[in-house]
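Following: one structure in C-alpha cells, then a few remarks.
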Amino acid sequence: MLLHARITDRGGLGSLVESFLPWFGLFVPVLLAGALWRRSASAVVALVLPVTVWLSLFGGLLGDRSGPGGDLTVVSHNVDAGNPDPAGTARDLAASGADVLALEEITPQAAGTYEKELAKAYPYHAVLGTVGLWSRLPLSDTRPVDIETDYGPLAATKPAGAESAETRALRTTVATDRGPLAVYVAHLGSVRVLPRNGFWTQSRDRGAKALAKAVAAEPDRRVVLLGDLNGTLDDRAFAGLTSRLESVQDVAGDGFGFSWPARFPVARIDQILVRGVRPQSAWLLPATGSDHLPVAAAVSW
C-alpha cells in the first residue's frame, strides 16, 4: 500500500493494484485473526504499520465531508448501452433535480428516448457521439474533444482532418449567473483482462493523457469534468488530471462513493472533477437500469 507507485505497470499490474487499493485494508482483520490464533503479541503490534498506512491513505474518506447548500448541482451517469429501460432511467435522472446532467454510453437507438424524456426538465442539450449534456442553463461553444480513441496500425493512415467515427468526449460552455463554466463530458476506453496482455489499459491511458492535455489548455477558470473514466483516481494513469482538478467525492463526499458495478459497487470509476468552483457535497443516486450508479455533486462559486 505504501509503495504502490513503485509497482511495475507491466501487464497493467500497477493500475490493477491501484484500482482496488482501498480493499487492501481487508487483509488487516485477516492478519489480526491469524495473530490472535497464534497468540503472538509481536504480530499484533506489527499490525500497527499496515493500519497506519491504510488510515493515512484513506482514513480521510471514512467520514461525511459534505456541507450544506450549493449554487449548481451536477450529475453524471453511464446509462449503459444495454440498458433495458432508457425511458425510466431518464425520468429517474430528471427527478434528481440536477441543473446539469451528463450521460455516457448513449446508443443511437436510445438517443431519441433520452432527448424526449429529458426535454421538459432540460431545455438545452448537446449530444456528440456517445456522450451528451442536458442543462437548465444555456449552452454554447459545444465541440468534440479528441481523446485519441482511434489508434493503432490503421490510425496513421487516417486522412488529415478526418474525425473519429465515435465521439466519446465533448466540451461545452454553460452560462451561469456567475459567468461561463466550461464543462467536459468524457467516456474513456474500457480496460480488459486479457490472457496475453494481463490488465490491458492502453486505450484508457491514452484517453486520460489526451483529456488531461485538453483540460490543461482550457482558458476558462471554472471547469467541471463529468464522466466514466474507467478507473479510480488512485490509478497513476490519471495523474495528469488530478494534478489540475480535484475530486468532489474526496473533498465533499460521504465515504468512498463506489459507483460500479451497480449491484455491488467496489470501485468509483465515475468521476466529477472540478477547478475554480468549491465542492459542497457529493453523493450517489439510486440505481437505474444501468450497470453504473449515477454520481452527483453540488458546487458553489
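Numbering (my numbering), first residue to last: 913 to 1213. Ideal Cβ positions, reconstructed from N, Cα and C, are used throughout, including at glycine. All values reported here derive from a predicted model rather than from experimental measurement.
Can you tell me the Cβ-Cβ gap for Ala1087 and Pro1050, rounded? I've got them flagged as a contact below 8 Å.
-> Walking along the sequence shown from the start, residue 1087 turns up at place 175. Walking along the sequence shown from the start, residue 1050 turns up at place 138. Cβ atoms of Ala1087 and Pro1050 come within 8 Å of each other, at about 4 Å.
Would you mind listing the alpha helix (DSSP H) stretches within the segment 931 to 1005 that are 4+ residues and don't spill past its ends, in chain order?
-> For the segment 931 to 1005, the full-length alpha helix (DSSP H) segments reaching 4 residues or more read 939 to 949, 953 to 958, 960 to 970 along the chain.
Grab me the residues of Asp976's own chain with a C-beta within less than 7 Å of its C-beta, minus the 5 sequence neighbours each way, in chain order.
-> Mapped onto the sequence shown, residue 976 falls at position 64. Cβ within range, chain order: Asp1166.
What three-state label does DSSP hand Leu1153 in the structure shown?
-> Along the sequence shown, one-based indexing puts residue 1153 at 241. If DSSP states are grouped into helix, strand and coil, Leu1153 belongs with the helices.
If you run the structure through DSSP and keep just helix, strand and coil, what is Ser927?
-> The residue given as residue 927 occupies position 15 in the sequence shown. Here Ser927 sits in helix by DSSP.
What three-state label does DSSP hand Leu1138 in the structure shown?
-> The count along the sequence shown starts at 1 and reaches residue 1138 at position 226. Leu1138: strand per DSSP, three-state reduction.
Does the beta-carbon distance from Val1136 to Ala1098 come in below 8 Å?
-> Here residue 1136 corresponds to residue number 224 of the sequence shown, with the count starting at 1. Here residue 1098 corresponds to residue number 186 of the sequence shown, with the count starting at 1. Their beta carbons are not under 8 Å apart, which means Val1136 does not touch Ala1098 by this criterion.
Cβ neighbour criterion (16 or more within 10 Å) applied to Thr1042 = Counting from one through the sequence shown, the residue named residue 1042 turns up at place 130. Looking at its Cβ environment, which holds 16 or more other Cβ atoms inside 10 Å, Thr1042 is buried.
Confirm, please, whether the CB-CB distance from Thr1144 to Glu930 is below 8 Å.
-> Numbered from 1 along the sequence shown, position 18 holds the residue referred to as residue 930. Numbered from 1 along the sequence shown, position 232 holds the residue referred to as residue 1144. Their beta carbons are under 8 Å apart, which means Glu930 touches Thr1144 by this criterion.
Mind reading off the beta-carbon distance from Asp1182 to Asp1140? Whole number of angstroms is fine, and I expect it under 8 Å.
-> For the purposes of this step, residue 1182 is taken as the residue at position 270 of the sequence shown. For the purposes of this step, residue 1140 is taken as the residue at position 228 of the sequence shown. At roughly 5 Å, the Cβ-Cβ gap stays under 8 Å, so Asp1182 and Asp1140 are in contact.
Hey, how far is the Cα of Leu1138 from the Cα of Ala1199?
-> The count along the sequence shown starts at 1 and reaches residue 1138 at position 226. The count along the sequence shown starts at 1 and reaches residue 1199 at position 287. So the alpha carbons of these two residues sit roughly 18 Å apart.
Roughly how many angstroms lie between the CA atoms of Gly1101 and Gly1119, to the nearest whole one?
-> Counting from one through the sequence shown, the residue named residue 1101 turns up at place 189. Counting from one through the sequence shown, the residue named residue 1119 turns up at place 207. So the two alpha carbons sit approximately 7 Å from each other.
Give me the Cβ distance between Leu1197 and Ser1008, rounded to the nearest whole Å; I'm assuming they're in contact under 8 Å.
-> If you number the sequence shown from 1, residue 1197 lands on position 285. If you number the sequence shown from 1, residue 1008 lands on position 96. Indeed, because the Cβ distance is near 6 Å, the residues count as touching under 8 Å.
Excluding the 5 residues preceding and the 5 following Arg1187 in the sequence, name in chain order all residues of the same chain whose CB lies nearer than 6 Å to its CB.
-> Residue 1187 sits at position 275 when you count from the first residue of the sequence shown. Excluding residues within five positions, the ones whose Cβ falls inside 6 Å are Val1135, Leu1157.
Please report how far the alpha carbon of Ala1149 lies from the alpha carbon of Val1178, in whole angstroms.
-> On the sequence shown, position 237 is the one that residue 1149 refers to. On the sequence shown, position 266 is the one that residue 1178 refers to. Computed Cα separation, rounded: 19 Å.
Does DSSP put Ser1076 in a helix, a strand or coil?
-> Locating residue 1076 in the sequence shown gives position 164, where the first residue counts as 1. Residue placement at Ser1076 cannot be trusted, given a pLDDT of 49 that sits under 50; the coordinates are not used to answer.
Alpha-carbon spacing of Ala1031 relative to Phe970, whole angstroms = If you number the sequence shown from 1, residue 1031 lands on position 119. If you number the sequence shown from 1, residue 970 lands on position 58. One alpha carbon belongs to Ala1031, the other to Phe970, and they sit about 40 Å apart.
Report the partner residues of Pro1177 according to the DSSP bridge assignment.
-> Stepping through the sequence shown from its first residue, residue 1177 is reached at position 265. In the DSSP output, where bridge partners are listed per residue, Pro1177 has none listed.
Assigned secondary structure, Pro1107 (DSSP; H/G/I helix, E/B strand, else coil) = Locating residue 1107 in the sequence shown gives position 195, where the first residue counts as 1. In this structure, Pro1107 counts as coil in the three-state DSSP scheme.
Please state if the CB of Gln1192 and the CB of Gly972 are separated by a distance shorter than 8 Å.
-> For the purposes of this step, residue 972 is taken as the residue at position 60 of the sequence shown. For the purposes of this step, residue 1192 is taken as the residue at position 280 of the sequence shown. Pairing Gly972 with Gln1192 gives a Cβ-Cβ distance that is not under 8 Å.
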